[in-house]
């Protein structure tokens with residue numbers, strides 16, 4: 170099997186999307202970061218304005234993951250149209266270290282609700298010191314409030330094993346509930 | 003970190019001049035590099051926020067393509083449709099975080115639009131920065 174799977178990382182600004190793809194990619198990642206000019210510069214120097222791109226080869230002969238990262242701000246929501254075709258699933262990152270973690274998640278869910286309802290989705294709590302049961306519960310509540318159902322898990326977005334595990338969760342979701350044109354193959 | 007910007011009235015004057023020089027220009031905007039409008043002049047109603055964000059994405063993506071494929075840097079981005087032309091360029095030569103986006107009718111000569119873009123960007127580039135403040139306070 171030498172399939173190509175296209176997954177997208179989403180989430181509020183600063184949730185770790187660019188860092189994740191840069192840490193995981195087997196090729197030099199493509200980045201479209203620019204210096205911030207708004208209040209975001211208090212917490213980070215740069216922000217993605219188009220997309221991040223990287224590739225991760227799965228162990229053995231199990232194919233490749235094409236990793237796309239979208240900008241966190243809702244004003245860039247049209248970028249989803251660029252990655253939509255053949256999309257295998259989405260990972261929404263939540264920054265556990267941010268006071269606005271749930272607000273950030275809620276904005277992402279609000280912006281992309283219709284798209285996220287039609288593909289396998291995992292919410293991944295990133296930058297967490299340990300188990301985040303309370304935050305996980307609040308993430309589930311946010312999902313519920315937006316009419317979405319998805320597993321919520323804790324991960325270190327810089328660790329390859331964690332991302333591969335999330336991919337396996339997406340694969341399971343696909344096998345047991347989703348059926349869409351992008352199933353198992355990027356275009 | 004503070005960013006230095008030309009004043010918004012100065013940018014508006016430059017855009018007014020640009021539109022005055024060519025009736026075929028339907029929209030002109032100075033957008034911040036991270037996708038927010040700083041100054042704009044439209045002859046008709048356009049989605050300001052989307053235009054600014056898309057300008058930022060297009061320039062960033064074009065930069066990435068040139069950097070990855072040819073180790074080059076972007077000067078201009080030209081997009082031609084059935085009814086319109088779109089020219090985007092960075093306001094370079096300083097630490098300016100501005101992008102100039104111009105939309106013109108299709109029948110307008112591309113060289114003219116490019117020339118207008120150059121003049122407009124130069125005019126703003128050469129302006130003494132009258133504001134040295136955080137962009138968040140001015141936008």
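Residue numbers (our numbering), protein chains in the order written: chain A, 170 to 356; chain B, 3 to 141. We put the beta carbon where it would ideally sit given N, CA and C, even for glycine.
Q) By the criterion of Cβ-Cβ separation under 7 angstroms, what are the contact partners of residue 51 of chain B in chain A? A) 244
Q | Segment contact flag, the stretch 208-224 of chain A with the stretch 233-248 of chain A, C-beta cutoff 8 angstroms, min 3 pairs | A | yes
(Q) In whole angstroms, give me the CA-to-CA distance for residue 196 of chain A and residue 171 of chain A. (A) 18 angstroms
Q. Out of curiosity, what's the CA-to-CA distance linking residue 308 of chain A and residue 321 of chain A?
A. 7 angstroms
Q | Among B/99, B/16, B/5 and B/126, the one whose alpha carbon lies nearest that of residue 61 of chain B | A | B/99
**Q.** Euclidean distance between Cα positions of residue 12 of chain B and residue 282 of chain A
**A.** 41 angstroms
Q. Sorry if obvious, but does the Cβ on residue 342 of chain A come closer than 7 angstroms to a heavy atom of the ligand NAP?
A. The ligand NAP is absent from the structure shown, which contains no ligands of any kind.
Q: Determine which residues share a DSSP beta bridge with residue 174 of chain A and list them.
A: A/234
Q | residue 349 of chain A versus residue 115 of chain B - alpha carbon distance | A | Confidence at residue 349 of chain A is low in this model, with a pLDDT of 49, below 50, so the placement of that residue should be treated as unreliable; the coordinate-derived value is given next. Near 44 angstroms, if we compare the C-alpha coordinates of residue 115 of chain B and residue 349 of chain A.
Q. In this structure, does DSSP put residue 295 of chain A in helix, strand or coil?
A. strand
**Q.** Integer-rounded CB distance, given that residue 339 of chain A should sit under 8 angstroms from residue 291 of chain A
**A.** 6 angstroms
Q: Could you check if residue 310 of chain A is buried or exposed, using at least 16 other CB atoms within 10 Å of its CB as the buried criterion?
A: exposed
Q.
Taking contact to mean 3 or more Cβ pairs, one atom from each stretch, closer than 8 angstroms, check whether the stretch 12-23 of chain B and the stretch 295-302 of chain A are in contact.
A. no
Q) Relative to the C-alpha of residue 187 of chain A, which residue among A/337, A/230 and A/203 is closest? A) A/203
Q.
Distance cutoff 8 angstroms, beta carbons only. Does residue 74 of chain B sit that close to anything in chain A?
A. no
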